[in-house]
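**Student:**
Number of protein chains: 2
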Amino acid sequence: MLSTYFAEHKERFLNELFELLRIPSVSADSKFKPDMRRAAEFVRDKLTAAGLDNAALHETPGHPVVYAEKLIDDALPTVLVYGHYDVQPADPYELWNTPPFEPTIRNERIYARGSCDDKGQFYMHVKALEAMLATDGLPCNVKVMIEGEEEIGSDHLGNFVAANRDKLKCDVILISDTSIIANDVPSIEAGLRGLSYVEVEVVGPNRDLHSGVYGGAVHNPLNVLCQMIASLHDEKGRITIPGFYDKVDELTPEERAALAEAPFDEEEYKRDLNLKAVFGEEGYSSPERASIRPTLDVNGIWGGYIGEGAKTVLPGKAQAKISMRLVPRQDPDEITELFTKHFISIAPPTVTVTVTPHHGGQPYVTPTDSVEFEAARRAFREAWGKEAIPTRGGGSIPIVALFEQELGVKSILMGFGLDIDALHSPNESYGLFNFYKGIETIPYFYKHYAELKKTGVEA
Amino acid sequence: MLSTYFAEHKERFLNELFELLRIPSVSADSKFKPDMRRAAEFVRDKLTAAGLDNAALHETPGHPVVYAEKLIDDALPTVLVYGHYDVQPADPYELWNTPPFEPTIRNERIYARGSCDDKGQFYMHVKALEAMLATDGLPCNVKVMIEGEEEIGSDHLGNFVAANRDKLKCDVILISDTSIIANDVPSIEAGLRGLSYVEVEVVGPNRDLHSGVYGGAVHNPLNVLCQMIASLHDEKGRITIPGFYDKVDELTPEERAALAEAPFDEEEYKRDLNLKAVFGEEGYSSPERASIRPTLDVNGIWGGYIGEGAKTVLPGKAQAKISMRLVPRQDPDEITELFTKHFISIAPPTVTVTVTPHHGGQPYVTPTDSVEFEAARRAFREAWGKEAIPTRGGGSIPIVALFEQELGVKSILMGFGLDIDALHSPNESYGLFNFYKGIETIPYFYKHYAELKKTGVEA
Numbered sequence: 001m002l003s004t005y006f007a008e009h010k011e012r013f014l015n016e017l018f019e020l021l022r023i024p025s026v027s028a029d030s031k032f033k034p035d036m037r038r039a040a041e042f043v044r045d046k047l048t049a050a051g052l053d054n055a056a057l058h059e060t061p062g063h064p065v066v067y068a069e070k071l072i073d074d075a076l077p078t079v080l081v082y083g084h085y086d087v088q089p090a091d092p093y094e095l096w097n098t099p100p101f102e103p104t105i106r107n108e109r110i111y112a113r114g115s116c117d118d119k120g121q122f123y124m125h126v127k128a129l130e131a132m133l134a135t136d137g138l139p140c141n142v143k144v145m146i147e148g149e150e151e152i153g154s155d156h157l158g159n160f161v162a163a164n165r166d167k168l169k170c171d172v173i174l175i176s177d178t179s180i181i182a183n184d185v186p187s188i189e190a191g192l193r194g195l196s197y198v199e200v201e202v203v204g205p206n207r208d209l210h211s212g213v214y215g216g217a218v219h220n221p222l223n224v225l226c227q228m229i230a231s232l233h234d235e236k237g238r239i240t241i242p243g244f245y246d247k248v249d250e251l252t253p254e255e256r257a258a259l260a261e262a263p264f265d266e267e268e269y270k271r272d273l274n275l276k277a278v279f280g281e282e283g284y285s286s287p288e289r290a291s292i293r294p295t296l297d298v299n300g301i302w303g304g305y306i307g308e309g310a311k312t313v314l315p316g317k318a319q320a321k322i323s324m325r326l327v328p329r330q331d332p333d334e335i336t337e338l339f340t341k342h343f344i345s346i347a348p349p350t351v352t353v354t355v356t357p358h359h360g361g362q363p364y365v366t367p368t369d370s371v372e373f374e375a376a377r378r379a380f381r382e383a384w385g386k387e388a389i390p391t392r393g394g395g396s397i398p399i400v401a402l403f404e405q406e407l408g409v410k411s412i413l414m415g416f417g418l419d420i421d422a423l424h425s426p427n428e429s430y431g432l433f434n435f436y437k438g439i440e441t442i443p444y445f446y447k448h449y450a451e452l453k454k455t456g457v458e459a
Numbered sequence: 001m002l003s004t005y006f007a008e009h010k011e012r013f014l015n016e017l018f019e020l021l022r023i024p025s026v027s028a029d030s031k032f033k034p035d036m037r038r039a040a041e042f043v044r045d046k047l048t049a050a051g052l053d054n055a056a057l058h059e060t061p062g063h064p065v066v067y068a069e070k071l072i073d074d075a076l077p078t079v080l081v082y083g084h085y086d087v088q089p090a091d092p093y094e095l096w097n098t099p100p101f102e103p104t105i106r107n108e109r110i111y112a113r114g115s116c117d118d119k120g121q122f123y124m125h126v127k128a129l130e131a132m133l134a135t136d137g138l139p140c141n142v143k144v145m146i147e148g149e150e151e152i153g154s155d156h157l158g159n160f161v162a163a164n165r166d167k168l169k170c171d172v173i174l175i176s177d178t179s180i181i182a183n184d185v186p187s188i189e190a191g192l193r194g195l196s197y198v199e200v201e202v203v204g205p206n207r208d209l210h211s212g213v214y215g216g217a218v219h220n221p222l223n224v225l226c227q228m229i230a231s232l233h234d235e236k237g238r239i240t241i242p243g244f245y246d247k248v249d250e251l252t253p254e255e256r257a258a259l260a261e262a263p264f265d266e267e268e269y270k271r272d273l274n275l276k277a278v279f280g281e282e283g284y285s286s287p288e289r290a291s292i293r294p295t296l297d298v299n300g301i302w303g304g305y306i307g308e309g310a311k312t313v314l315p316g317k318a319q320a321k322i323s324m325r326l327v328p329r330q331d332p333d334e335i336t337e338l339f340t341k342h343f344i345s346i347a348p349p350t351v352t353v354t355v356t357p358h359h360g361g362q363p364y365v366t367p368t369d370s371v372e373f374e375a376a377r378r379a380f381r382e383a384w385g386k387e388a389i390p391t392r393g394g395g396s397i398p399i400v401a402l403f404e405q406e407l408g409v410k411s412i413l414m415g416f417g418l419d420i421d422a423l424h425s426p427n428e429s430y431g432l433f434n435f436y437k438g439i440e441t442i443p444y445f446y447k448h449y450a451e452l453k454k455t456g457v458e459a
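Protein chains in written order, with the UniProt record's numbering: chain A, 1 to 459; chain B, 1 to 459.
Listed below in C-alpha cells is the structure:
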C-alpha cells in the first residue's frame, strides 16, 4: 500500500533530497558547471532507481536535460512531469543563517538553496512515482523531463522540445513549481505572469570625475538613471510606457469576485514582511496587484562608489536591472521593445543609454473547467480533505507557454510551496509537511486523471 | 643658485616622490594603517633631510600629523605649509592601466594614486624648501604641517590645530591642492565650495522577495529611492530642498563678468569628457555651475542583484551616497539638517528612511586684494611669465575654513594640478611639467611675500 511505503521510506526520501541539495547546481554561474552535471546525473540515477525506463542526459548547447519514461499502455493517457534541477545563485551568502548548500532542518523546515525551487518540489514526483511503481503500479503512462536552465530562461529547452515532439507527446503536463495559499488553504495556480527582463546602462562622461571639480556642470549618470526610472511610474502606480497596457485585459467583476474568495489577511501580510504599508496600482487589491496586473520592478541598481566611507566621485556610468511581470496577451518581446524604445526616448541629450534584454517569458492561463484541472482539484480533496482554490500566480514559468505551443497541451501547476519559502532569497526553505504532503497528493492526481479520462466525466 | 640646484637634483626629486607614491596610504581603509604610518615617517625624514627642525609625528586618535619648522627670525613673517599624505581609495583597481601604487611615466605624466592629490603637490614644497635652504636661504619663517586624514574629513586635525595654536601661529597658510586652468593659463583659486555628504538607506520589506510573487503589491525600495532622488532636482536643474538656496549669494554682474574672463572652451570640455551635451542649473555657464553654484550629486547607489545575468528579486533595501557642494554662507551642518529633514519628509509611508551624515566642509573665499594673494600672483608672473587668473574652484578643502577660524589667517591656494589629472578616479596623474614648475614657483612666493610684508606695498 502506498501509505505504508511512504511511512517506511520517509527518511530515505529526505536523505536523498539532502544529497541533491548539497550539489550547488547554479546554472547562471559557469564556475558551477561540473556541479550542474553532477546534479543531472543524480536525477537520472534516481529516476532509474525509481523504476523508470531510458533515464538519460540529453545534451544541449547549455546544461543537459534529464529525461525518463514509463510507458505501460498506449490506451492510457500520458502525463509529462516537468521540473528543473538548477537553482538561483545563493548570493549574498552572508545573509544565510546556515550555508545555502548544506541543508539544515529548523522548525520543521528544510533550509537550502533549491529546497523548494525546484529540487524539493520535483523530487516529490520522483518519489511518488517510485512509490506507485513499487506498490499499486501506474494508472497512466509517465514521462519525466527535468531541465537545468529554468533559472536562466530555459534558453535551450525550446529547441529540445521542438526536436523531440514525438518523444514528449502527452495529454497533460504536471508541474510542481508554484505555491499554495497556506497549509490549511490548498490552492492550484490557474495563471502565471509573463516576464520581460532588461539591463540598462546610462553613460555620461568618459571617466569617473571629481564631484567638486565637475559637479553641477556635468550631468551625473546616477541622478539621470534615478530620474528615468522614477518616470516609469505615475503617481497612481501605473506604468508610463506608451502602449504598455494595450493588451492587458480587465477582469470582469465576477472574475475578480471569484479571485477575492481566496483568503488574504493584509495585516498578516504586512506583519510577515514587516511592511509599514502596502502599495501598488490604484484601484486593485494586493493579491490582484501581484497576479492579474503587470508590474515594473528594479531588481538591481549600481554605480559610483559603494565602498565604506565617503568618496566624492561623479561616476561615468550607472546601471540597473529592470523586470516587468506581464499578464495574458502581453507579449514579452513586444513589451521589451516598448520598454527599450521608451527608455531611450526619455534619456536626456547628455547621456548615452543602452538597453540589453535578458530572457523573457510568456504569461499563461489554464482553464479551470478542464479534466486536468478537475483531476488536480480531486487530488487535493482526497489528500487534504479540503477544496483547493484556483489562484492566479504572480511569478513566471516561461516554459509553460512554450509547452502549449509546441506540444499542444495544457500544464497543471500543482505546486506545494508557501509564500514564506523565500525563493530566490537568502534562507530559502521548504516545509517538511509540504514535501511529504506533496508526495502523498501526486498519486491521487494520476488516479483521478486516469478515471476522468476513461469515464469522460467533466468537472 | 636655485636653478642650478633644481637642475642637479631633478631626478632625485622625482625618485623620492615615486618612493612616496609606492606607499598605499589610503586613510579610509583600516587595512592600510601600517602604510599610513610608513608614509608619515617618510615625510618626516624628508623634512629633516631638507634642513627643517623638529620634524616629528604627532599622534591623533586617527592618523598622525607630520610637523616640522624652520624658524629663522622673529621679525620675519611666517608661512605655514599645509598638505596631506593620505590618498583616496584606488578602487576600482581594474580600471587602472598600470597599478595605482606603482608610479609609471607615460606621455610626460606620472600615473599613480596621489600623484597629484596631494603627494605630488605637497612634495613640491618639501623640495622647494630643501633647495632654498641649500642655496640662498629662507626669506620667511616656515612651518610645515602634513596631515593624514584629508580624504576622510580631517576629523582630528581640528583638535590638533586648536591644541597647538601657538606652535602653528603664522601669517599665511600656503596650500598646493588645487588646479590651474591650463599649463599656458596659470590661475589661483580664490574660493572653494563647501561639502555636505550623506548616506541614505531606504528599507521596505524585511527580506529580499521574489519579484513575481510580491511585485506590484510591495513597494520596491529601489524604485522608491530612485523616485526620492529624482525629486531632489526640478526641471530647471535646481535643488528642491526647502531652504537650500536661502544663504546662496548671487554674484553681481561685475563679479560674474570677471570670472567669465577665465578662458573656457565648451567644445574642448565636451571633447575631453566625451560628453554629448553639458547640463546644469538654468541661467548659469558651465564654469559657474561648477564653482559659484551649489550642487547635489549621487556619488554611489546600490541595491538588489548586481551580479551577472538576471535575478528576479524585489530587494529589501536600497542605499545611496549623496553629496552637496556648497557656496559661501551655506553651512554644511545646516544643509545636512535641511537635507535630512526633507529626505525623510518625502519618503512614502511604505518605507523607513535613514540618513547618516559623513564629514562635511565649510565653503571658503580668499580676498584677491590681499598681500598674500598678490605674492602668489607675482610668483606666477615671475616663474611663468604670465598673469595668473583668479578662479573659484568647485572642490572642497574643508580644513581651510577651520584654519581661518582657529588661526585667524587666510590660506593661499597655489595649486598646480590640471582638470585632466583625474583626482579620485582611476589613472590619476600629474604632469612632470607641473611638478617641476611648481617647485620652481614656490620660492618666488616666499620672496615676494617677504618683500611685500616688509614694504607694505599692496596689490
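We put the beta carbon where it would ideally sit given N, CA and C, even for glycine.
A quick note: this is a predicted structure, and the numbers were derived from the prediction, not measured.
(1) Would you call the stretch 289 to 303 of chain B and the stretch 313 to 327 of chain B touching, i.e. three or more CB-CB distances under 8 Å?
(2) Using a Cβ-Cβ cut-off of 9 Å, state whether Glu-440 (chain B) counts as contacting chain A.
(3) For a contact defined as C-beta to C-beta under 7 Å, what are the partners of Asn-54 (chain B) on chain A?
(4) Can you name the residues of chain B whose CB is closer than 7 Å to the CB of Lys-31 (chain A)?
(5) Determine whether the Cβ of Asn-274 (chain B) lies closer than 9 Å to any Cβ atom of chain A.
(6) Return yes when the Cβ of His-424 (chain A) is within less than 9 Å of the Cβ of His-210 (chain B), no when it is not.
(7) Go ahead and label Thr-391 (chain B) buried or exposed: buried means 16 or more other beta carbons lie within 10 angstroms of its beta carbon, across all protein chains shown.
(8) Looking at the strands, I want to know which residues DSSP matches up with Asn-141 (chain A).
(9) Taking only beta-carbon atoms, is Gln-227 (chain A) less than 9 Å away from chain B?
(10) So which of B:Gly-237, B:Gly-438, B:Pro-89 has the shortest CA-CA distance to residue 462 (chain B)?
(11) As a quick exercise: from B:Asn-15, B:Glu-288, B:Cys-116, B:Glu-428, pick the residue whose alpha carbon is nearest that of Thr-252 (chain B).
(12) Identify the contact partners of Tyr-82 (chain A) in chain B, using a Cβ-Cβ distance below 9 Å as the criterion.
(13) Just how far apart, CA to CA, sit Ser-429 (chain B) and Leu-80 (chain B)?
(14) With DSSP as the reference, identify every bridge partner of Trp-302 (chain A), one or two as the case may be.
(15) Whose CA, out of B:Val-371, B:Thr-441, B:Glu-374, B:Glu-404, lies closest to the CA of Gln-362 (chain B)?
(16) Go through its chain and collect everything with a Cβ distance to Lys-46 (chain A)'s Cβ below 6 Å, but skip five positions before and after it.
(17) Tell me which same chain residues have a C-beta within less than 6 Å of the C-beta of Val-371 (chain A), skipping the five on either side of it?
(18) Since residue 468 (chain A) and Gly-431 (chain A) are thought to touch, with beta carbons under 8 Å apart, how far apart are those beta carbons, to the nearest angstrom?
(19) Quick one: list the residues of chain B neighbouring Pro-100 (chain A), beta-carbon separation under 9 Å, in chain order.
(20) When the cut-off is 9 Å and only beta carbons count, does Leu-314 (chain B) lie next to chain A?
(21) Anyone know if the C-beta pair for Val-172 (chain B) and Val-353 (chain B) falls short of 9 Å?
(22) In chain order, what residues of the same chain lie with their CB nearer than 6 Å to the CB of Leu-95 (chain B), ignoring the 5 residues before and after it?
(23) Please confirm whether Trp-302 (chain B) has its beta-carbon closer than 9 Å to some beta-carbon of chain A.
(24) Going by Cα to Cα distance, which pick from B:Glu-108, B:Lys-33, B:Leu-138, B:Pro-367 is closest to Val-87 (chain B)?
(25) If you draw a straight line from the C-alpha of Gly-114 (chain B) to the C-alpha of Tyr-245 (chain B), how long is it?
(26) Select from the stretch 206 to 228 of chain A all residues with a C-beta closer than 7 Å to any C-beta belonging to chain B, and list them in chain order.
(27) In chain order, what residues of the same chain lie with their CB nearer than 8 Å to the CB of Phe-279 (chain A), ignoring the 5 residues before and after it?
(28) Using a beta-carbon distance below 9 Å, is Asp-177 (chain B) in contact with chain A?
(29) For Tyr-305 (chain B), return the contacting residues in chain A, with the cut-off set at a CB-CB distance below 7 Å.
(30) Under 9 Å between the Cβ atoms of Ile-292 (chain A) and Arg-256 (chain A)?
(31) Taking only three categories from DSSP, how would you classify Gly-194 (chain B)?
(32) Could I get the ranges of all uninterrupted beta strand (DSSP E) runs contained in the stretch 14 to 91 of chain B, with 3 residues as the minimum, in chain order?
(33) Cutting at 6 Å between CB atoms, please list the residues of its own chain near Ala-318 (chain A), excluding the five before and the five after it.
(34) Counting only Cβ pairs nearer than 9 Å, list the residues of chain A close to His-233 (chain B).
(35) Inspect the CB distances between the stretch 59 to 79 of chain A and the stretch 137 to 145 of chain A and report whether three or more fall short of 8 Å.
(36) Please name the residue or residues paired with Ser-411 (chain A) in a DSSP beta bridge.
**Tutor:** Result, derived from the coordinates:
(1) yes
(2) Not closer than 9 Å to any Cβ of chain A, the Cβ of Glu-440 (chain B) fails to qualify, so no.
(3) None at all; the shortest Cβ gap to chain A is about 32 Å.
(4) Simply none; closest approach about 11 Å.
(5) yes
(6) yes
(7) buried
(8) A:Thr-78
(9) yes
(10) Residue 462 (chain B) falls outside the range modelled here, since chain B spans only 1 to 459, and no answer is possible.
(11) B:Glu-288
(12) Simply none; closest approach about 18 Å.
(13) Linking Ser-429 (chain B) to Leu-80 (chain B) through their CA atoms gives a straight-line distance of about 26 Å.
(14) A:Gln-319, B:Trp-302
(15) B:Glu-404
(16) Once the five neighbours on either side are set aside, the close Cβ partners of Lys-46 (chain A) are Val-126.
(17) Leu-452
(18) No answer is possible for residue 468 (chain A): it lies beyond the span of chain A, which begins at 1 and ends at 459.
(19) Think of a sphere of 9 Å around the beta carbon of Pro-100 (chain A): no beta carbon from chain B falls inside it, the nearest being about 13 Å out.
(20) Answer yes: the Cβ-Cβ gap between Leu-314 (chain B) and chain A drops below 9 Å somewhere.
(21) no
(22) Pro-426
(23) yes
(24) B:Lys-33
(25) 34 Å
(26) Within the stretch 206 to 228 of chain A, the residues whose Cβ lies closer than 7 Å to any Cβ of chain B are, in chain order, Asn-206, Arg-207, Asp-208, Leu-209, His-210, Ser-211, Gly-212, Val-213, Tyr-214, Gly-215, Gly-216, Ala-217, Val-218, His-219, Asn-220, Leu-222, Asn-223, Cys-226, Gln-227.
(27) Gly-237
(28) no
(29) Per Cβ cutoff of 7 Å: Asn-299, Gly-300, Lys-321.
(30) Cβ distance < 9 Å, so Ile-292 (chain A) and Arg-256 (chain A) count as in contact.
(31) strand
(32) 53 to 58, 65 to 70, 78 to 84
(33) Val-202, Pro-221, Leu-222, Leu-225, Gly-303
(34) Asn-223, Gln-227
(35) yes
(36) A:Ile-173
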